[in-house]
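Okay, so the sequence shown: first residue is 1 according to the UniProt record's numbering, each after it adds one. C-beta atoms are modelled at their ideal positions from N, C-alpha and C, and glycine is treated no differently. Structure, as structure tokens:
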Amino acid sequence: MTTALNRLPLYWQICLINGLVFLIGTIVLALSPATISTRVLVSEAIVLLVGFVLILVANALLVRSTLAPLERLTQLSERVDLQSPRERLTEDGDGTVARLVRAYNEMLDRLEAERSSSNAKALAAQEAERHRIAQELHDEVGQGLTAVLLGLKRAADRAPDDIADELRGVAEIARSSLDEVRDVARRLRPGVLDDLGLLSALAAACTDFTTHSGVHVRRGFAPSLPPLSVEKELVVYRVAQEALTNVARHARASTVTVSLSTQGDAVVLLVADDGVGMNGRSESTGIRGMRERARLVDGSLVVRGRVGGGTEVRLSVPVAAVTP
């Protein structure tokens, strides 16, 4: 009976529930010794009122139990966030509501898969564009400034003293611009990550951070780490880079701790500062970007306040199992 009822459309389920409640009420009224006078007495009115309330309550409870999954579905729709860990409804059976819940869960699965795929493509395109811009800055702008610098040096060597001093000043400006171009190119695409590996790239990032911000960095890199894929190394580096950028912009910290270690079957990056903390601020675009990068390599990112002040960014990246 219940299985057959669940297979009906939701509209007909509600109609049958209402009909069943009214039928039971009619049968009870027909079989009961209660009678109605031409002029309804107070006692009869009370009986009718009690019967009406009982029918109404029974009908409300039955309809509510039928529609309860829809209420949960509505609540999930209001709070669902595709960047958060998966949250799904559980509904067993073959009824209309159960099928609706399963269809909704499948829709969320498709949305998360498509969003993850599109973000992966976007981040890959972003890295390719960074690499192209860094290459052009190094090969074209950098070489052009180098040629200008050498030309100014030769001109200064042959020019009178008063003009030579001016040429040397211009050459110094050109040298400073060349250093800035190389620094931008290095931040866009860290060649040290490709050439020397993740630890050297993180050490260079920490050095650059201290140079530009004046904030002291305490490093704690484990001596032996399991190998990571190129994609995972790039995610670890970019998350560390973005976390340090957030510290420089918002934290007003005096010390930052950057560590990389192995915990279980994962490599864990920790960036913790002693600054003002998040102070109830919502997640910025940078944090959402870090979280999305972590998801691309099946990792997890936690951003939380520290006891005593400051913010902690913890990235956990699983290590691929080595097959014998």
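Exercise. Let me know if Phe209 comes out buried or exposed under the rule of 16 or more other beta-carbons within 10 Å of its beta-carbon.
Key: Counting Cβ neighbours within 10 Å, Phe209 comes out buried, since at least 16 surround it.
Quiz item: Is the beta carbon of Ala240 less than 7 Å from the beta carbon of Val247?
Solution: No, Cβ-Cβ distance for Ala240 and Val247 is not below 7 Å.
Quiz prompt | Short Cβ contact (7 Å threshold) for Leu167 with Leu152 | solution = Between Leu167 and Leu152, the CB-CB gap stays under 7 Å.
Quiz item: Rounded to a whole number of angstroms, what is the C-alpha to C-alpha distance between Cys206 and Val271?
Solution: When rounded, the distance between both Cα atoms is 11 Å.
Quiz item: Is DSSP giving Gly299 helix, strand or coil here?
Solution: Three-state DSSP puts Gly299 in coil, outside helix and strand.
Exercise. Kindly indicate which three-state DSSP category Gly19 falls into: helix, strand or coil?
Key: Helix.
Practice problem: Select from Ala122, Leu49, Ala58 the residue whose C-alpha is nearest the C-alpha of Ile24. | Solution: For the set Ala122, Leu49, Ala58, the Cα lying nearest the Cα of Ile24 is the one of Ala58.
Quiz item: What residue from Gly142, Gly264, Leu260, Glu233 has the CA that sits closest to Gly220's CA?
Solution: Looking at the Cα atoms, Leu260 is the closest of the given residues.
Quiz item: Near Asn18, what residues of its chain come up, given a Cβ to Cβ distance below 7 Å and the 5 sequence neighbours on each side ignored?
Solution: The residues are Asn59.
Quiz item: Between the Cα of Thr74 and the Cα atoms of Pro160, Glu292, Val101, which residue gives the shortest distance?
Solution: The option with the nearest alpha carbon to Thr74 is Val101.
Exercise. Put Arg304 into one of helix, strand or coil per three-state DSSP.
Key: Arg304 falls in the strand class under three-state DSSP.
Quiz prompt | Whether Met278 touches Thr311 by CB criterion (7 Å) | solution = Taking 7 Å as the Cβ cut-off, Met278 and Thr311 qualify as a contacting pair.
Quiz item: Ile163 to Ala134, Cα distance in whole Å?
Solution: When rounded, the distance between both Cα atoms is 35 Å.
Quiz item: Taking just the CA atoms, how far does Arg175 sit from Ser200?
Solution: The alpha-carbon atoms of Ser200 and Arg175 are separated by roughly 26 Å.
Quiz item: When the Cα atoms are used, what is the spatial distance from Gly309 to Gly275?
Solution: A straight-line Cα-Cα distance of about 6 Å links Gly309 and Gly275.
Quiz item: Measuring CA to CA, which of Arg99, Ala113, Val258 is closest to Arg218?
Solution: Per the Cα distances, Val258.
Quiz prompt | the region 184–194 in contact with the region 127–145 per 3-pair CB rule at 8 Å | solution = Yes: at least three Cβ pairs fall under 8 Å.
Quiz prompt | Endpoints, beta strand (DSSP E) assigned at Val276 | solution = Unbroken run through Val276: none, as it is neither H nor E.
Quiz prompt | The beta strand (DSSP E) enclosing Gly220, as first and last residue numbers | solution = 216–221 is the span of the beta strand (DSSP E), which, as asked, contains Gly220.
Exercise. Counting only the same chain and skipping the five closest in sequence on each side, list residues whose C-beta sits under 8 Å from that of Ala159.
Key: Here the set comprises Leu167.
Exercise. In the DSSP assignment, find the alpha helix (DSSP H) that holds Val239 and state where it starts and stops.
Key: Here the alpha helix (DSSP H) through Val239 covers 230–246.
Quiz item: CA-CA distance, Glu292 and Ile173?
Solution: Straight-line measurement puts the Cα of Ile173 at about 40 Å from the Cα of Glu292.
Practice problem: Please report the residue range of the beta strand (DSSP E) in which Ser261 lies. | Solution: First-last of the beta strand (DSSP E) with Ser261: 255–263.
Exercise. From the DSSP output, in three-state form, read off Val170 for me.
Key: The answer is helix: DSSP assigns Val170 an H, G or I state.
Quiz item: Is Ala159 helix, strand or coil by DSSP?
Solution: Note: Ala159 maps to coil in three-state DSSP.
Quiz item: Quick one: what's got a C-beta closer than 7 Å to Glu242's C-beta in the same chain, skipping five residues either side?
Solution: The beta carbon of Glu242 lies closer than 7 Å to those of Gly286, Gly289, Met290 in the same chain, with the five residues before and after it left out.
Practice problem: Specify the secondary structure class of Val319 as computed by DSSP and reduced to three states. | Solution: DSSP places Val319 in coil when its eight states are reduced to three.
Quiz item: Leaving out five residues before and five after Val63 in sequence, what residues of the same chain have Cβ atoms less than 7 Å from its Cβ?
Solution: Excluding positions up to five away in sequence, the list reads Ile14, Ile17.
Quiz prompt | Nonlocal neighbours in the same chain, by C-beta distance under 7 Å from Lys232, ignoring five residues either side | solution = Excluding residues up to 5 positions away in sequence, Val297, Val317 lie with their Cβ nearer than 7 Å to the Cβ of Lys232 in the same chain.
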